[in-house]
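*Asks:* Below are the structure tokens for one structure; questions will follow.
Chains as they are written, first to last, in the numbering used here: chain A, -3 to 290; chain B, -3 to 290.
So, in structure tokens, the structure goes:
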């Protein structure tokens, strides 16, 4: 039998993504030992009760001493604090990676706290659900999904390769990107859609009481799909918007211009403008189906 | 064996909704005979090939002579033309209903062409998929979904009751509403979500070539859910926006104000504003799940 890819994996923060990594890594035998470092006593207890980790707690020294791979899965706003907490306890030669939805801010906030003796390979699995916490995870979450890695120039190719092997073994395809480019792509594919969903659900929440009950009752006509997206973790999303400000503001601006153009077409009864627009958007749907990401 | 609810049902336009009615009505034995009146030769051929109707064609006189229930399932922009075409051929005592997504415009455009000898019960099943055409229908589409009826004051209660029985037998729950109120509720639950989805997918379509490929590749992070909604029938949606102009423009205005407020919070780094907003929107999701409409 071949030895596992990693001796010990330490998952920092045991939410939806890291608890799915725990399950997938165990299922595919990718680590001899899986531990989690989480400030929440309740999250640690849950992870132990679910049997997805071998040890759990809030003491970095104890949990990081043997860790060969450290996967940071906290909201991106906590990266500086995480760096300060884990930096002094990292084993020489260890690989530090993460699953944060923005990458520039992670490089900015986490990297300065890491010793020169460790390798840093930031990452972002393009997978998730609207549910949060260690109980929401499942081993198949990454199957057929992309994982974007954003290593800085000069990163040890061996470290990138080991992180690649981990994600590939869990079913993902790997894409290498620059952090800034990642943040621009995700601003449109993920951050704007979530902001729009949060906005429209908020608009509905502000309606008069009677109307709000009817919105819930008749939500199957389109609205409910937005409520699913807008049920995602509030802290995680607060941090994403605050840490990808420029790219998000730029794409909101484009979106608002486009919405205003359609609004104007509705006001002036421009049937052809509307029809042409609604036809063109079908092509992207077909492309997504063809790319097997539907 | 009891006799079916209707002798002959004539489905005017055989798209997703009417072809689902054909299947459900047949499955539950709700009509002795089901026919379709559709200007498209291809749609008629498909419906006959699928075996979901007993007769199909474009001659109103022949197809309406025996019809006890006429269900209009064309885009709402075609209602006046449909009224002109069917009006002179309707049997005395027949019930005319429809499945249009706006109701004021249907009353405005269809009713004037109907003789006094028929009953008019406008309706709108809150069900659908992003697919179009007679092949996209299925008998279970209305199961557990609401159907809104918007009869005008003075409508024969017996006619309302028969339409209610039809929808109930196909698995729906019935809600009676005034047409204007329907259009306001649907503007928020359906029309705005679709417009937003069409907008964001359009914004992505306008990106530079390379970026567009990446948007497709990494669409699983939120964007793809919008592309599904934005793949709906372009003619149908063009007509909805043009025929529910006031309610849609009013709700776009509210939405834009709310988006601008969140945009401002992102720009100024107002963490608490964002978090509070993102927390509140979870309540509506829970209410929809509780209402079994998720």
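Heads up, the beta-carbon is just placed ideally off N, CA and C, and yes, glycines get one too.
When you compare each of B:79, B:9, B:25, B:10 to residue 2 of chain B by their alpha carbons, which one comes out closest?
*Replies:* Residue 2 of chain B sits at position 6 when you count from the first residue of the second chain. Nearest C-alpha to residue 2 of chain B: B:25.
*Asks:* Distance check for residue 227 of chain B and residue 281 of chain A, CA to CA, integer angstroms please.
*Replies:* Indexing the first chain from 1 puts residue 281 of chain A at position 285. Indexing the second chain from 1 puts residue 227 of chain B at position 231. Spanning the two alpha carbons is a distance of roughly 6 Å.
*Asks:* Along the chain, which unbroken stretches of the beta strand (DSSP E) at least 3 residues long are found entirely within the region 108 to 182 of chain A?
*Replies:* 115 to 117, 119 to 121, 142 to 145, 169 to 172
*Asks:* Does any residue of chain B bring its CB to less than 7 Å from the CB of residue 185 of chain A?
*Replies:* Taking the first residue of the first chain as 1, we reach residue 185 of chain A at position 189. Judged by the 7 Å Cβ criterion, residue 185 of chain A is in contact with chain B.
*Asks:* Who are the neighbours of residue 16 of chain A on chain B, taking C-beta pairs under 7 Å?
*Replies:* For the purposes of this step, residue 16 of chain A is taken as residue 20 along the first chain, with counting starting at 1. Simply none; closest approach about 14 Å.
*Asks:* Given residue 166 of chain A, which residues of its chain have a CB within under 6 Å of its CB, disregarding the five upstream and five downstream residues?
*Replies:* As a first step, residue 166 of chain A must be located in the first chain, where it is residue number 170. For residue 166 of chain A, where only same-chain residues beyond five positions count, the Cβ hits under 6 Å are 20, 138.
*Asks:* Should the region 150 to 162 of chain A be called in touch with the region 175 to 183 of chain A, which here means at least 3 C-beta pairs below 8 Å?
*Replies:* no
*Asks:* Which chain B residues sit within Cβ distance under 8 Å of residue 13 of chain A?
*Replies:* One-based indexing of the first chain puts residue 13 of chain A at position 17. The premise fails here: residue 13 of chain A is roughly 12 Å from chain B at the closest Cβ pair, so nothing lies under 8 Å.
*Asks:* Can you give me the Cβ contacts of residue 75 of chain B inside the same chain, cut-off strictly under 6 Å, excluding the 5 residues immediately before and after it?
*Replies:* The count along the second chain starts at 1 and reaches residue 75 of chain B at position 79. Here the set comprises 102, 105, 106.
*Asks:* State the Cα-Cα distance for the pair residue 97 of chain B and residue 47 of chain A, rounded to the nearest angstrom.
*Replies:* Position 101 of the second chain, counted from the first residue, corresponds to residue 97 of chain B. Position 51 of the first chain, counted from the first residue, corresponds to residue 47 of chain A. Going by the C-alpha atoms only, they are around 50 Å apart.
*Asks:* Check residue 16 of chain A in the structure and name its three-state DSSP category.
*Replies:* Locating residue 16 of chain A in the first chain gives position 20, where the first residue counts as 1. The three-state reading of DSSP puts residue 16 of chain A in helix, counting H, G and I together.
*Asks:* Which value, in whole angstroms, describes the spacing of the CA atoms of residue 194 of chain A and residue 53 of chain B?
*Replies:* Here residue 194 of chain A is taken as the residue at index 198 of the first chain, counted from 1. Here residue 53 of chain B is taken as the residue at index 57 of the second chain, counted from 1. When rounded, the distance between both Cα atoms is 46 Å.
*Asks:* Comparing the C-beta of residue 330 of chain B with each C-beta of chain A, is any distance below 7 Å?
*Replies:* Outside the shown range of chain B, which is -3 to 290, sits residue 330 of chain B, and nothing can be said about it.
*Asks:* Taking its Cβ as the centre, do 16 or more other Cβ atoms sit within 10 Å of residue 233 of chain B, making it buried, or is it exposed?
*Replies:* Against the second chain, residue 233 of chain B aligns to sequence position 237. The residue is buried, with at least 16 neighbouring Cβ atoms inside 10 Å.
*Asks:* How many whole angstroms separate the CB atoms of residue 141 of chain B and residue 156 of chain B, which I take to be in contact at a CB cut-off of 8 Å?
*Replies:* Counted from its first residue, the second chain places residue 141 of chain B at position 145. Counted from its first residue, the second chain places residue 156 of chain B at position 160. No, residue 141 of chain B and residue 156 of chain B are not in contact; Cβ-Cβ is about 19 Å, not under 8 Å.
*Asks:* Compare the beta carbon distance of residue 13 of chain B and residue 95 of chain B with 7 Å and say whether it is the shorter of the two.
*Replies:* Here residue 13 of chain B refers to the residue found at position 17 of the second chain. Here residue 95 of chain B refers to the residue found at position 99 of the second chain. In this structure, residue 95 of chain B lies closer than 7 Å to residue 13 of chain B by Cβ.
*Asks:* Runs of 4 residues minimum, wholly inside the region 27 to 96 of chain A: which ones carry the alpha helix (DSSP H) assignment?
*Replies:* With a minimum length of 4 residues, the continuous alpha helix (DSSP H) runs that stay inside the region 27 to 96 of chain A are 37 to 46, 56 to 60, 75 to 82.
*Asks:* I'd like to know whether the C-beta atoms of residue 114 of chain B and residue 145 of chain B end up nearer to each other than 7 Å.
*Replies:* Taking the first residue of the second chain as position 1, residue 114 of chain B is located at position 118. Taking the first residue of the second chain as position 1, residue 145 of chain B is located at position 149. It is not a contact, given that the beta carbons lie outside the stated cut-off.
*Asks:* To the nearest whole angstrom, what separates the beta carbons of residue 212 of chain B and residue 259 of chain A, a pair I think is in contact under 8 Å?
*Replies:* Translated into positions along the second chain, residue 212 of chain B becomes position 216. Translated into positions along the first chain, residue 259 of chain A becomes position 263. At roughly 27 Å, the Cβ-Cβ gap does not stay under 8 Å, so residue 212 of chain B and residue 259 of chain A are not in contact.
*Asks:* What residue range is occupied by the uninterrupted alpha helix (DSSP H) comprising residue 251 of chain B?
*Replies:* On the second chain, position 255 is the one that residue 251 of chain B refers to. Element bounds for residue 251 of chain B: 241 to 263.
*Asks:* Which one of B:-1, B:67, B:126, B:90 has the shortest CA to CA distance from residue 216 of chain A?
*Replies:* Reading the first chain from its first residue, position 220 is the one you call residue 216 of chain A. It is B:126.
*Asks:* How about residue 93 of chain B: is its C-beta nearer than 7 Å to some C-beta of chain A?
*Replies:* Translated into the one-based positions of the second chain, residue 93 of chain B becomes position 97. For residue 93 of chain B, the answer is no, since every Cβ of chain A falls outside 7 Å of its Cβ.
*Asks:* Please list, in chain order, the chain D residues whose beta carbon lies closer than 8 Å to that of residue 138 of chain B.
*Replies:* Considering every chain present, this structure includes no chain D. Its protein chains are A and B.
*Asks:* Here's a check: name, in chain order, each residue in its chain whose Cβ is nearer than 8 Å to the Cβ of residue 222 of chain A, leaving out the five neighbours to either side.
*Replies:* Along the first chain, read from residue 1 onward, the residue named residue 222 of chain A stands at position 226. Once the five neighbours on either side are set aside, the close Cβ partners of residue 222 of chain A are 192, 193, 196, 197.
*Asks:* Got a sec: is the Cβ-Cβ distance from residue 78 of chain B to anything in chain A below 7 Å?
*Replies:* Taking the second chain and counting its residues from 1, one reaches residue 78 of chain B at position 82. Chain A contact via Cβ: absent.
*Asks:* For residue 209 of chain A, is the classification buried or exposed, using 16 other Cβ atoms within 10 angstroms of its Cβ as the cut-off for buried?
*Replies:* Counted from its first residue, the first chain places residue 209 of chain A at position 213. With a 10 Å radius around the Cβ and a threshold of 16 neighbouring Cβ atoms, residue 209 of chain A comes out exposed.
*Asks:* What in chain A is Cβ-close to residue 226 of chain B, meaning under 9 Å?
*Replies:* Within the second chain, residue 226 of chain B is the residue found at index 230, counting from 1. What residue 226 of chain B touches in chain A: 274, 277, 278, 280, 281.
*Asks:* Any C-beta of chain A sitting closer than 7 Å to the C-beta of residue 38 of chain B?
*Replies:* Reading the second chain from its first residue, position 42 is the one you call residue 38 of chain B. Taking Cβ atoms only, chain A never reaches closer than 7 Å to residue 38 of chain B, which makes this a no.
*Asks:* Quick one: which chain A residues come within Cβ less than 7 Å of residue 217 of chain B?
*Replies:* Along the second chain, read from residue 1 onward, the residue named residue 217 of chain B stands at position 221. Near residue 217 of chain B (Cβ distances below 7 Å), the residues of chain A are 122, 182, 185, 186.
*Asks:* Could you give the C-beta distance for residue 219 of chain A and residue 187 of chain A, rounded to a whole number, given that I count them as a contact under 8 Å?
*Replies:* Taking the first residue of the first chain as 1, we reach residue 219 of chain A at position 223. Taking the first residue of the first chain as 1, we reach residue 187 of chain A at position 191. Not a contact, Cβ separation roughly 21 Å.
*Asks:* In its own chain, which residues sit with a C-beta less than 7 Å from the C-beta of residue 71 of chain B, not counting the 5 before and 5 after it?
*Replies:* Numbered from its first residue, the second chain carries residue 71 of chain B at position 75. Excluding residues within five positions, the ones whose Cβ falls inside 7 Å are 231, 232, 235.
*Asks:* Could you have a look at residue 98 of chain A and say whether DSSP puts it in helix, strand or coil?
*Replies:* The sequence position of residue 98 of chain A within the first chain is 102, counting from 1. DSSP places residue 98 of chain A in coil when its eight states are reduced to three.
*Asks:* Between residue 201 of chain A and chain B, is the shortest Cβ-Cβ distance under 7 Å, so that the two count as touching?
*Replies:* Residue 201 of chain A sits at position 205 when you count from the first residue of the first chain. Chain B contact via Cβ: present.
*Asks:* Using the three-state DSSP reduction, which class does residue 192 of chain B fall into: helix, strand or coil?
*Replies:* The sequence position of residue 192 of chain B within the second chain is 196, counting from 1. Helix at residue 192 of chain B.
*Asks:* In whole angstroms, give me the CA-to-CA distance for residue 39 of chain A and residue 81 of chain A.
*Replies:* By one-based count along the first chain, residue 39 of chain A stands at place 43. By one-based count along the first chain, residue 81 of chain A stands at place 85. Between the alpha carbons of residue 39 of chain A and residue 81 of chain A lies a distance of about 18 Å.
*Asks:* Buried or exposed: residue 288 of chain A, going by 16 or more other Cβ atoms within 10 Å of its Cβ?
*Replies:* Here residue 288 of chain A corresponds to residue number 292 of the first chain, with the count starting at 1. It is exposed - the Cβ of residue 288 of chain A has fewer than 16 other Cβ atoms within 10 Å.
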